[in-house]
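Per this note's numbering, the sequence shown starts with residue 5, numbered consecutively. All C-beta atoms, glycine included, are put in the ideal place defined by N, C-alpha and C. Here is the structure we will look at.
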Amino acid sequence: HLIVGCGLSGSVIAERIANVWNENALIIEKREHIGGNCYDYVDDQTGIRMNKYGAHLFHTKDEGVWKYVQTFDKWTRWEHRVLSMVDGQFVPVPVNITTVNQVCGENIEDTEEMDAWLSAVQYKGPIENSEDMAVSRVGRVLYEKMFKPYTVKQWNKGPEELDPSVLARIPIRRDFDVRYFSDKYQALPAKGYTHFFERLLDNPRIQVQTGVDFFKYKLEHDLGQFKSIFYTGPIDQYFDGLKLESLEYRSIDFHIERFSDMNYFQPCSVVNYPETNVPFTRIVEYKHFLNQTSKHTVTVKETTNDHGDPYYPIPNKRNMELYECYRQMAVKEEKEKNVHFVGRLANYKYMNMDQAIRNALDLFDRINSKEEMN
Ligand code: FDA
């Protein structure tokens, strides 16, 4: 079997092929390392482990996925916290009672008062886009100060241009809970994500070749030798040259800064900067994760753009309609050539890590039960 891409989706499929079917899996990965966007490494100047492609916090409610990841490596419970810089002060994210009191000058003391405040400010009309959605969740003031400018920076589009789903899941804490996620399982791999991937791929039946691009590879090799192909790259690239336009993606620039002899730069691992007069969207200080120790610290400023590696699909009408055309071509490709499209780029859908694992496990199970029937 050939697997294109050594991110979570490709690696989970390879692991299943090797361990369940006892068959060979060759993974080709165009980057120079395994792990896809989850890849992490230890910074040689500070000794701090950091993610190359943005902070990655594992969180899930899915018992099966949680059990699955634990079979390969040790995970340490980690409750993520995020602050946002609004009007010169750090406020908790997701919005909780403290956030409302700080940003809106309220004096709310308990959940009952918070509920009353929310229902007074929430927009109750029809929901046509992400602006309506956000105002229906947090009201106009928080929307204008926190969600609107951040969304514009993140997507280069106003919330009114984006599908309601983009801001549909803004979590709100009706109490003083400062945790970013409320899932039952929240953890980080004790020795980092790259170590987790090494364990996941630790089977002699799995071979990984990094620095190999599928589109070059297929010109030089006979793909007919593979029983099946699992493609985890961008779906529009796979069908490139077939007349359809390209899908749009948002990308991120990561700007690393090191601070010698500084304990911490900021009060928690992630601080969001929603305001438009600040060019970056957030600052990540990796030292906070798993309370790493170092005499120094390192921060990464993230700025979004639309020219780099594809990170986030942009879910608006044009892209969703275009994706549907690609999806139909993918269905045909699967039937005719046994090519499976798996993962966030091949499905043009933002997926958290647990969703990507679930998606890959379910795909494998579907194929497996078909094979068993034949
Ligand atoms: P992924 O992109 O990881 O892997 C695809 C691989 O295919 C890549 O390595 C790519 O190089 C390779 N590839 C593409 N084209 C190829 C070609 N032509 N030839 C060979 N190889 C090719 N999730 C979460 O649960 N918590 C979090 O905190 C975060 N944080 C986060 C931050 C940022 C900035 C991003 C962009 C994403 C997250 N995520 C996240 C989501 C998480 O990164 C995501 O769920 C997984 O990376 C999905 O794994 P995939 O394998 O589907 O894609």
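Terminal residues of the continuous beta strand (DSSP E) containing residue i?
{"i": "residue 333", "result": "It is not in any beta strand (DSSP E) - residue 333 instead sits in the alpha helix (DSSP H) that spans 321-341."}
{"i": "residue 79", "result": "79-81"}
{"i": "residue 261", "result": "253-263"}
{"i": "residue 44", "result": "44-46"}
{"i": "residue 218", "result": "Careful: residue 218 lies outside any beta strand (DSSP E), inside the alpha helix (DSSP H) at 218-224."}
{"i": "residue 89", "result": "86-90"}
{"i": "residue 4", "result": "Residue coverage of the chain in this structure runs from 5 to 378, which leaves residue 4 outside it and unanswerable."}
{"i": "residue 349", "result": "Element bounds for residue 349: n/a, residue is neither H nor E."}
{"i": "residue 354", "result": "Unbroken run through residue 354: none, as it is neither H nor E."}
{"i": "residue 99", "result": "Taken as a continuous stretch (DSSP letters only), residue 99 belongs to no beta strand (DSSP E), as it is neither H nor E."}
{"i": "residue 246", "result": "Taken as a continuous stretch (DSSP letters only), residue 246 belongs to no beta strand (DSSP E), as it is neither H nor E."}
{"i": "residue 234", "result": "233-235"}
So residue i is in the alpha helix (DSSP H); what residue range does that whole segment cover?
{"i": "residue 199", "result": "197-204"}
{"i": "residue 25", "result": "Where residue 25 is concerned, there is no enclosing alpha helix (DSSP H), given that its DSSP letter is neither H nor E."}
{"i": "residue 71", "result": "67-74"}
Within 10 angstroms of its Cβ, does residue i collect 16 or more other Cβ (buried), or is it exposed?
{"i": "residue 149", "result": "buried"}
{"i": "residue 140", "result": "buried"}
{"i": "residue 186", "result": "exposed"}
{"i": "residue 291", "result": "buried"}
{"i": "residue 99", "result": "buried"}
{"i": "residue 157", "result": "buried"}
{"i": "residue 153", "result": "buried"}
{"i": "residue 264", "result": "exposed"}
{"i": "residue 377", "result": "exposed"}
{"i": "residue 309", "result": "exposed"}
{"i": "residue 283", "result": "exposed"}
{"i": "residue 68", "result": "exposed"}
{"i": "residue 41", "result": "buried"}
{"i": "residue 250", "result": "exposed"}
{"i": "residue 314", "result": "buried"}
Is any non-hydrogen atom of the ligand FDA found closer than 6 Å to the C-beta of residue i, if you look at the structure I gave you?
{"i": "residue 141", "result": "no"}
{"i": "residue 13", "result": "yes"}
{"i": "residue 276", "result": "no"}
{"i": "residue 370", "result": "no"}
{"i": "residue 160", "result": "no"}
{"i": "residue 45", "result": "no"}
{"i": "residue 356", "result": "yes"}
{"i": "residue 41", "result": "yes"}
{"i": "residue 58", "result": "yes"}
{"i": "residue 252", "result": "no"}
{"i": "residue 22", "result": "no"}
{"i": "residue 92", "result": "no"}
{"i": "residue 312", "result": "no"}
{"i": "residue 345", "result": "no"}
{"i": "residue 32", "result": "yes"}
{"i": "residue 8", "result": "yes"}
{"i": "residue 217", "result": "yes"}
{"i": "residue 209", "result": "no"}
{"i": "residue 262", "result": "no"}
{"i": "residue 68", "result": "no"}
{"i": "residue 196", "result": "no"}
{"i": "residue 379", "result": "The structure shown has nothing for residue 379, since the chain only spans 5 to 378."}
{"i": "residue 109", "result": "no"}
{"i": "residue 204", "result": "no"}
{"i": "residue 348", "result": "yes"}
{"i": "residue 352", "result": "no"}
{"i": "residue 61", "result": "yes"}
{"i": "residue 228", "result": "no"}
Using DSSP with H/G/I as helix, E/B as strand and the rest coil, what is residue i?
{"i": "residue 210", "result": "strand"}
{"i": "residue 241", "result": "helix"}
{"i": "residue 315", "result": "coil"}
{"i": "residue 269", "result": "coil"}
{"i": "residue 276", "result": "strand"}
{"i": "residue 53", "result": "strand"}
{"i": "residue 36", "result": "coil"}
{"i": "residue 305", "result": "strand"}
{"i": "residue 292", "result": "helix"}
{"i": "residue 6", "result": "strand"}
{"i": "residue 59", "result": "coil"}
{"i": "residue 194", "result": "coil"}
The ligand SAM and residue i: does the residue's C-beta get closer than 6 Å to at least one heavy atom of that ligand?
{"i": "residue 322", "result": "By its list of ligands, the structure shown excludes the ligand SAM, since it contains just the ligand FDA."}
Continuous alpha helix (DSSP H) assignments of at least 4 residues falling wholly in the stretch 107-189: Those alpha helix (DSSP H) runs which fall completely within the stretch 107-189 and span 4+ residues are 115-125, 134-146 and 152-159.
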